[in-house]
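J.: Each residue of the sequence shown is one higher than the one before, starting from 1 at the first, in the UniProt record's numbering.
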Amino acid sequence: AAMELPPSHYGAGRAAALAAGFVRYRRGGPGRGLALREVRRARQDIDDLGRKYHLELVLEDVFDKDSTVNCTAEVLYHLGNKNIAPDVQFTIEGELKNTDEADNIFYNRIKSLEKELVAENIPDSHGNVPPEMEPIHLLGWVASGYVVWQNSTENTKLQLGQIKHVKQV
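1) Distance check for Arg37 and Leu5, CA to CA, integer angstroms please.
2) Name the DSSP beta bridge partners of Gln44, please?
3) Could you tell me whether the segment 75 to 83 touches the segment 91 to 100, using the rule of 3 or more Cβ pairs below 8 Å?
4) Gly33 and Val58: beta carbons closer than 7 Å?
5) So Gln168 and Ile110 are supposed to be a Cβ contact under 8 Å. How far apart are they, rounded?
6) Whose CA, out of Pro86, Glu56 and Cys71, lies closest to the CA of Glu154?
7) By Cβ distance below 6 Å, which residues in the same chain neighbour Ala20 in space, the five residues on each side in sequence not counted?
8) Are there 16 or more other CB atoms within 10 angstroms of the CB of Ile122, so buried, or fewer, so exposed?
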């Protein structure tokens, strides 16, 4: 039977951060960044496979903090083998904002550059991201969501600190 956990429980927080990273990996892009706003509810199951967290989350749009979606997620950390990425399943309730137009504007801008895009240190050491670099920052978030998912264990809470170098290829 699942055991109820306080939403502030450290294990629930780590699983929630992993789930949010996985959602960014699957649903993020140059026009969409989803951040974890709140853990509403958390339960934990332990069985022969490992430790599973059942989570109810609120995700917010990094561009529009008033725009939130509810998300349910399950995170399974496998027992024993630490080389297996956790299993993450999620469902987003309602619609995410359509970003096709913003995505196309970004892709067309990148394709039309006279010189390949090269950038460093996004955000800078003060946490600032120039507006024209925000889509690159969000793509970095997408990529980091994959890395976080692949490298997370119950004892880690990984997140993107800074994009050190970007080069258009």
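Where a beta carbon is used, it is the ideal one built from N, C-alpha and C, also for glycine. Nothing here was measured: the structure is a model prediction, and the numbers come from that model.
T.: Taking the geometry as given:
1) In this structure, the CA atom of Leu5 is about 18 Å from the CA atom of Arg37.
2) Bridge partners of Gln44: Met3 and Tyr53.
3) They do not touch, by the three-pair rule.
4) In this structure, Val58 does not lie closer than 7 Å to Gly33 by Cβ.
5) 7 Å between Cβ atoms; contact.
6) Here the closest residue by C-alpha is Pro86.
7) Contacts found: Leu36.
8) By the 10 Å Cβ count, Ile122 comes out buried.
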